[in-house]
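Using the UniProt record's numbering, read the sequence shown as starting at 1 and increasing by one per residue. Idealized CB from N, CA, C, for every residue including glycine. Quick caveat, the model's predicted, so the values are computed rather than measured.
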Amino acid sequence: MPAKSFARRVAGVWREVLGVVTSSGAANAGDIPALDDSGHLDASVMPVGYGADGKVLTASEALSATNLVSVWNNAGAESVRKADASAEGKPANGYVLDAATSGGTVTVYFGRKITGLTGIVPGQRYYLATAPGGFTATPVTGAGKIDQFIGTGISTTEIAFEPDDYVVKAA
1 MPAKSFARRV AGVWREVLGV VTSSGAANAG DIPALDDSGH LDASVMPVGY
51 GADGKVLTAS EALSATNLVS VWNNAGAESV RKADASAEGK PANGYVLDAA
101 TSGGTVTVYF GRKITGLTGI VPGQRYYLAT APGGFTATPV TGAGKIDQFI
151 GTGISTTEIA FEPDDYVVKA A
């Protein structure tokens, strides 16, 4: 969708000017922002400290959009991999909204809501699953597995991401 336009007097002449969807910094000082195709302001037009709580990290394995992920120290480098309730060590502390290849970079989000899902039940509690990167509506059981609440369904396509500490199951 093209950016919205408005009339602005420039050097005594009325001109049609487009709103700015993404900012390149100081070069866009004084410009009027426009919403993107999703109906939101792009993070580049927001002041530092506002917007999504995310960080660009290197994926140590292939990731799919909406995977729950675990940030870890990969030989001294901050990396991200699929969270997994199968065993201790890979708790969910973020999620991705885009796919990434192993060795590629991806933005990891640490709060707000996971979007782009299907089949979510509003009000349902969700937990980290034993399927790497996944979630389930049923808490995980079994010795050595981790039970971690990750959030609540807020629509049929979104989970409010609010991960708790995890518990390693005894049985």
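Quick one: give me the first and last residue of the beta strand (DSSP E) that residue i is part of.
i: S155; result: 149-155
i: R125; result: 125-128
i: S5; result: 5-10
i: L97; result: From DSSP, L97 is part of no beta strand (DSSP E); its letter is neither H nor E.
i: E88; result: Taken as a continuous stretch (DSSP letters only), E88 belongs to no beta strand (DSSP E), as it is neither H nor E.
Please go through the same chain and pick out, in chain order, the residues whose beta-carbon is closer than 6 Å to the beta-carbon of residue i, but skip the five residues on each side of it.
i: T107; result: G54, V56
i: S5; result: E16, L18
i: G151; result: Y126, I159, A160, F161, E162
Considering only residues of the same chain and omitting the five flanking positions on each side of residue i, which have a CB-CB separation below 7 Å?
i: A170; result: A143
i: G153; result: I120, V121, P122, G123, Q124, Y126, I159
i: R8; result: R15, V17
i: G116; result: A65, T66, L97, T157
i: D36; result: V21, D42
i: V13; result: none
i: A77; result: T58
i: A99; result: L63, S64, A65
i: V72; result: Checking the sequence, you will find Trp at residue 72 rather than Val. Excluding positions up to five away in sequence, the list reads S79, R81.
Check the DSSP bridge columns for residue i and list the partner residues they point to.
i: A160; result: K113, T152
i: V13; result: V10
i: V20; result: P33
i: I120; result: BP columns for I120 are empty, so no partner.
i: V108; result: K55, V96
i: T136; result: Y127
Between residue i and residue j, which are expected to be in contact by the criterion C-beta below 8 Å, what is the C-beta distance as a whole number of angstroms?
i: V80; j: S60; result: 7 Å
i: F161; j: R112; result: 6 Å
i: V69; j: A83; result: 6 Å
i: T136; j: A129; result: 4 Å
i: P139; j: A92; result: Contact doesn't hold; Cβ gap of about 14 Å is too wide.
i: E88; j: V167; result: E88 to V167, Cβ: 10 Å. No contact.
Excluding the 5 residues flanking residue i on each side, which residues of the same chain have their C-beta closer than 8 Å to its C-beta?
i: K145; result: A85, S86, A87, T130, V168, K169
Next item on the list: Let me know the beta strand (DSSP E) ranges lying completely inside the stretch 32-83, each 3 residues or longer, listed in chain order.
Entry: 54-59, 68-74, 77-82
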